[in-house]
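Colleague: Quick note, the sequence shown lines up with residues -22 to -1, 1 to 303 if you use mature numbering (1 follows the signal peptide of the UniProt record, and there is no 0). Virtual Cβ for every residue (Gly too), placed ideally from N, Cα, C. Computed from a prediction, not measured in an experiment: that's the story for all the values here.
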Amino acid sequence: MKKILMALGVAITLFFSVMALANATAEVEQGATEGQIWSQLKDGAQGVTTSTGQAHNQLINTYDLRVFELRSELLAPALMAALFGMIIIFILFIKVNGISKLHGGFSGKLVYRWSKFDVSIHWLGAIPCLLLILTGLTLLAGRFFFQPYIGDSVWASMINAAKLIHDYMAIPFVIGWALMSVLWAKNQMPKMYDLKWMMVVGGYINFGPFKGKHPDAGFANAGEKMWFWAFALFGLVISASGMLLLFPNVFEPSRTISLIALVLHSVSAIIITAFSIVHIFMATVMSEGGMECMVSGYCDENWATQHHNLWYDEIKENGTLKYKD
Ligand code: HEM
């Protein structure tokens, strides 16, 4: 009996060992095959699909590898610098310079500046824009700057979520961008007095010859105008190139045009990101009382006279000055 049990034990052990070995061999073979397929795809291997569109039979584009180098060596670090570099510069600047206080304090009287519709279209463009910056950064630079420091599964979920959010946020951003660019342009035309504003950096520098300066400004000052036109122009480039990349089946771009769109999209993103950081710091921290404009649409009367004196004089003179009840 003992011998039979021992023989049975050996037989069972042998059976499971052979099964485990067979499984391991199959996994190694499968791994090797997957590895081969992956390296063939990376080399630009082509297959067969039912689609007849240009390049639909090639999963990974190897058309012009210079674009990959440009992305990893220049565009990705530049986008990181535009976001984190600008944040660091602004924090240091505020530490050294301080913020721009309202000299007369808050008057408590709120002057009408933006309609409810204006405030809505601002946030319709701004919130997707911020999400696009963060997810775009993950898509362009994440592989080099985040992936090495986080686990593979976290990275896989992160890049998947980034792609999804980036695709969906594109639509409200384009609508917000188009409405702001068209409806606000008339208040953003350059004027001669904008040059003087720039020479004293808008009076935001709290030391040296700039201290205490209050240069003339209309509805928008020179800094806001620069931001507006950069946003309008690069918003156009980023929107057009983005639509081309998002809907390749509709626009059927050639490989060359796709790659040019990819590069223009990244360059515009770098410029918009750097400007956005400056804009957000100016609105939230730097200019005391500025944020109220994009919350209620009204600004404090002392903020209006200090930062937009010509606009304030104009609405007072033509009778359109309206206070909040
Ligand atoms: C947390 C983020 C943001 C805050 C707190 C903010 C705040 C503001 C404020 C207070 C104004 C009105 C300035 C004034 O009345 O003179 C404004 C204007 C504007 N914002 Fe934003 N904004 C933000 C993000 C963005 C983003 C991401 C975009 C781009 C889509 C954007 C585009 C604009 C434009 C084009 C203007 C008009 C030009 C100007 O006055 O500077 N904003 N924003």
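Is it true that the CB of N280 sits closer than 8 Å to the CB of G76?
Modeller: For the purposes of this step, residue 76 is taken as the residue at position 98 of the sequence shown. For the purposes of this step, residue 280 is taken as the residue at position 302 of the sequence shown. Contact flag unset, no.
Colleague: So does E202 have its beta carbon nearer than 7 Å to some heavy atom of the ligand HEM?
Modeller: Looking up residue 202 in the sequence shown gives position 224. The answer is yes for E202.
Colleague: For the candidate residues G103, L222 and A134, whose alpha-carbon lies nearest to that of A156?
Modeller: The residue given as residue 156 occupies position 178 in the sequence shown. Selected option, being the one with the closest Cα: G103.
Colleague: To the nearest angstrom, how far is it from the Cα of M204 to the Cα of I249?
Modeller: As a working note, residue 204 is residue 226 in the sequence shown. As a working note, residue 249 is residue 271 in the sequence shown. Their Cα atoms are separated by approximately 12 Å.
Colleague: Going by beta carbon distance, what residues of the same chain come within less than 7 Å of C271, once the five residues before and after it are set aside?
Modeller: Looking up residue 271 in the sequence shown gives position 293. Excluding positions up to five away in sequence, the list reads R91, W92 and C277.
Colleague: Decide if L161 is buried, meaning its Cβ has at least 16 other Cβ atoms within 10 Å, or exposed.
Modeller: Position 183 of the sequence shown, counting from 1, holds the residue named residue 161. So L161 ends up on the exposed side.
Colleague: Write down every uninterrupted run of the alpha helix (DSSP H) in the stretch 78 to 127 whose length is 4 residues or greater and which is fully enclosed by it, in chain order.
Modeller: Taking only runs of at least 4 residues, the alpha helix (DSSP H) segments lying wholly in the stretch 78 to 127 are 94 to 123.
Colleague: How is Q36 classed by DSSP in three states: helix, strand or coil?
Modeller: Within the sequence shown, numbered from 1, the residue matching residue 36 stands at position 58. Strand.
Colleague: Compute the distance between the beta-carbons of L118 and M147, then report whether it is under 8 Å.
Modeller: Taking the first residue of the sequence shown as position 1, residue 118 is located at position 140. Taking the first residue of the sequence shown as position 1, residue 147 is located at position 169. In this structure, M147 does not lie closer than 8 Å to L118 by Cβ.
Colleague: Less than 8 Å between the CB atoms is what I'm expecting for L240 and D42, so what's the real figure, rounded?
Modeller: Here residue 240 corresponds to residue number 262 of the sequence shown, with the count starting at 1. Here residue 42 corresponds to residue number 64 of the sequence shown, with the count starting at 1. Not quite, the Cβ-Cβ distance comes to about 10 Å (not below 8 Å), so this is no contact.
Colleague: Given this structure, state the Cα-to-Cα distance separating A134 from L173, to the nearest angstrom.
Modeller: Here the question's residue 134 lines up with position 156 in the sequence shown. Here the question's residue 173 lines up with position 195 in the sequence shown. So the two alpha carbons sit approximately 49 Å from each other.
Colleague: For R233 and L223, what's the separation of their Cα atoms in angstroms?
Modeller: Counted from its first residue, the sequence shown places residue 233 at position 255. Counted from its first residue, the sequence shown places residue 223 at position 245. Approximately 11 Å, taken between the alpha carbons.
Colleague: For a quick check, are the C-beta atoms of L299 and V89 less than 8 Å apart?
Modeller: Within the sequence shown, numbered from 1, the residue matching residue 299 stands at position 321. Within the sequence shown, numbered from 1, the residue matching residue 89 stands at position 111. Cβ atoms of L299 and V89: closer than 8 Å.
Colleague: Going by DSSP, what residue range makes up the alpha helix (DSSP H) through Y276?
Modeller: What you label residue 276 is simply residue 298 of the sequence shown in a count that begins at 1. Y276 -> not in any alpha helix (DSSP H); beta strand (DSSP E) instead, spanning Y276 to D278.
Colleague: When the distance is taken between beta carbons, is W175 closer than 8 Å to D194?
Modeller: Translated into positions along the sequence shown, residue 194 becomes position 216. Translated into positions along the sequence shown, residue 175 becomes position 197. It is a contact, given that the beta carbons lie within the stated cut-off.
Colleague: Just to confirm before moving on: does the CB-CB distance between I38 and G13 stay below 8 Å?
Modeller: Along the sequence shown, read from residue 1 onward, the residue named residue 38 stands at position 60. Along the sequence shown, read from residue 1 onward, the residue named residue 13 stands at position 35. The answer is no: Cβ separation not under 8 Å.
Colleague: Just tell me which of Q284, W289 and N296 has its CA closest to the CA of K79.
Modeller: Here residue 79 is taken as the residue at index 101 of the sequence shown, counted from 1. With distances taken between Cα atoms, K79 lies closest to Q284.
Colleague: Beta-carbon of G190 versus every beta-carbon of chain B: anything under 8 Å?
Modeller: The displayed structure is made up of one protein chain only, and chain B is not part of it.
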